[in-house]
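In the numbering used here, the protein residues as written are 25 to 282.
C-beta: ideal position from N, C-alpha, C; glycine also.
Keep in mind that this is a model prediction, so the values were computed, not measured.
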């Protein structure tokens, strides 16, 4: 292994260690405070002393600064001692009803997990379930859920809803067949309507029933077209009787439909 590669490995390890230290310090000694109408008229330690009953001195704070230029802006407080931070968090409940919010300054991944936990916490409480968050877990009626488990459950529920919508969709409309129009044309043994088929026998062919002169037809089962000049049998296999017009020309009365 070359000397340059060893140097590069050392640099990468130092970057990793530095990132771990920054995350650890952020998780252990940093608080994020949001104070409404904060205009530098009162220091943060004065807010803590007056609202939390916590004694703070300059030696307890490593760094303090505001983020952004809004009137209500987050204030980052970095403590020297982790115990002092825990003391502040222990008394945060005393801020209820005020316009001051104090919470741990978490990394992005932890903030996303907390957002998922809180979302499901509110959903469970809306259903009057016993729910609370403790040690980065959501407890619902005594059952614990991590943020990753809740994210997986959301994906499964979304997939289930998608499948259910597809199964409840209406079936496609069937395409009409030539045989359907032939059955419609067979009124009884005395009369028959003529079926006019325009175009070839294909999915794009159009069908219509017209009042043309009744005549003897034959159905071609191979091509699906209707050909004139042949007898068309009924269900009994016998040909239909003469047309009404031919009966009128011969002076024969038509038979009534029974």
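Are the CB atoms of residue 36 and residue 76 nearer to each other than 8 Å? Annotated as distal: residue 36 and residue 76, with beta-carbon spacing of 8 Å or more.
Which same chain residues end up closer than 6 Å to residue 154 when comparing Cβ atoms and leaving out the 5 residues on each side of it in sequence? For residue 154, same chain residues with a beta-carbon under 6 Å away, outside a window of 5 residues either side, are 165 in chain order.
Identified DSSP bridge partners for residue 163: In the DSSP output, where bridge partners are listed per residue, residue 163 has 156, 168.
Option in 157, 152, 123, 109 with minimal Cα separation from residue 139: 157
DSSP beta-bridge partners for residue 2? The displayed coordinates of the chain run from 25 to 282. Any statement about residue 2 would go beyond what the structure contains.
Exposed or buried, residue 171, counting other C-beta atoms within 10 Å across all chains shown (16 or more means buried)? Buried, since its Cβ has 16 or more Cβ neighbours within 10 Å.
Less than 8 Å between the C-beta atoms of residue 125 and residue 55, yes or no? no
Measure how close the beta-carbons of residue 145 and residue 162 come, nearest whole angstrom, since I'm counting them as under 8 Å. 6 Å
Residue 127 - containing alpha helix (DSSP H), residue span: First-last for residue 127: 124-128, but that is the beta strand (DSSP E), not the alpha helix (DSSP H).
Alpha carbon to alpha carbon, what distance is there between residue 106 and residue 99? 18 Å
Under the DSSP definition of a beta bridge, which residues are partnered with residue 55? Paired residue(s): 101, 128.
Three-state secondary structure assigned by DSSP to residue 79: coil
Which residue's Cα is closest to the Cα of residue 12: 167, 160, 176? The structure shown does not extend to residue 12, since the chain is modelled only from 25 to 282, so the question has no answer here.
Between which two residues does the alpha helix (DSSP H) harbouring residue 109 extend? 106-114
Using a threshold of 8 Å, state whether the C-beta atoms of residue 128 and residue 78 are closer than that. It is not a contact, given that the beta carbons lie outside the stated cut-off.
For a test of the three-state rule: what should DSSP assign to residue 192, helix, strand or coil? Here DSSP, grouped into helix, strand and coil, assigns residue 192 to coil.
Label residue 152 either buried or exposed according to how many other C-beta atoms from any shown protein chain fall within 10 Å of its C-beta, with 16 as the threshold for buried. exposed
Taking a contact to mean a Cβ-Cβ separation below 8 Å, would you say residue 97 touches residue 103 in this structure? no
Residues near residue 64 by beta carbon distance below 7 Å, same chain, minus five either side: For residue 64, the predicted model reports a pLDDT of 49, less than 50, meaning its position is unreliable; a value from the coordinates is still stated below. There are no such residues.
What does the alpha-carbon distance come out to for the pair residue 169 and residue 148? 12 Å
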